[in-house]
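As structure tokens, the structure follows; a few thoughts come after it.
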């Protein structure tokens with residue numbers, strides 16, 4: 312199985328659409344911070360109540376890697392399956408919500424968490440680059456005018472990128488974040 316087959320090469324230019332939407336959504340998350348806060352605060356409080364007291368040392372790395380990969384793989388799978396069926400709505404929502412949350416959380420960590428923008432970027436970048444590449448590529452493959460069987464046959468690069476991102480997120484990113 313080739314990683315860089317014609318379908319993948321045809322799909323790469325389409326990634327620009329998803330990258331543009333993602334960047335615009337980050338900006339929206341930053342600009343709309345005050346508007347979004349009342350909506351997201353209860354969600355963050357519930358999440359913190361559930362996982363707030365867990366130490367990074369207590370978490371099994373293998374289970375974490377598999378959980379992160381499974382979540383991202385499901386999202387990518389749905390992007391491949393639904394991109395054409397939903398006229399881009401599902402993958403667009405996934406990309407936009409990710410960007411919006413990154414912009415929002417970035418402002419939250421800088422304004423209230425005492426971190427610099429560089430520290431926030433440093434916490435996201437190690438795994439984010441591979442993860443976003445995998446998701447953007449899944450969105451682009453989903454739009455490709457190829458039979459579904461071919462899309463899955465040539466989507467190995469998506470799964471490799473997402474698994475690599477999961478390994479990095481569960482190991483390196485945790486160490487980077489712990490330094491702050």
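In our numbering, the protein residues as written are 312 to 491. All residues carry an ideal CB built from backbone N, CA and C; glycine is no exception.
- Query: What did DSSP end up calling residue 465 once you bin it into helix, strand or coil?
  - Reply: Taking the first residue of the chain shown as position 1, residue 465 is located at position 154. In the structure shown, residue 465 sits in coil (DSSP, three-state: anything other than H, G, I, E or B).
- Going by beta carbon distance, what residues of the same chain come within less than 7 Å of residue 339, once the five residues before and after it are set aside? For this step, residue 339 is matched to residue 28 along the chain shown. Hits under 7 Å: 411 and 414.
- Measure the C-alpha to C-alpha separation of residue 345 and residue 468 and round it to an integer number of angstroms. Residue numbering aside, residue 345 sits at position 34 when the chain shown is read from its first letter. Residue numbering aside, residue 468 sits at position 157 when the chain shown is read from its first letter. Answer to the nearest angstrom: the Cα atoms are 38 Å apart.
- Using the C-alpha atoms, what's the distance from residue 427 back to residue 457? Residue numbering aside, residue 457 sits at position 146 when the chain shown is read from its first letter. Residue numbering aside, residue 427 sits at position 116 when the chain shown is read from its first letter. Computed Cα separation, rounded: 44 Å.
- Message: Can you tell me where the alpha helix (DSSP H) holding residue 382 begins and where it ends?
- Response: Reading the chain shown from its first residue, position 71 is the one you call residue 382. Taken as a continuous stretch (DSSP letters only), the alpha helix (DSSP H) holding residue 382 covers 372-393.
- Output the distance between the C-alpha atoms of residue 486 and residue 388, rounded to the nearest integer angstrom. For the purposes of this step, residue 486 is taken as residue 175 along the chain shown, with counting starting at 1. For the purposes of this step, residue 388 is taken as residue 77 along the chain shown, with counting starting at 1. Cα to Cα, residue 486 sits roughly 29 Å from residue 388.
- Query: How about the segment 440-448 and the segment 468-484: do they share at least three Cβ pairs that are nearer than 8 Å?
  - Reply: yes
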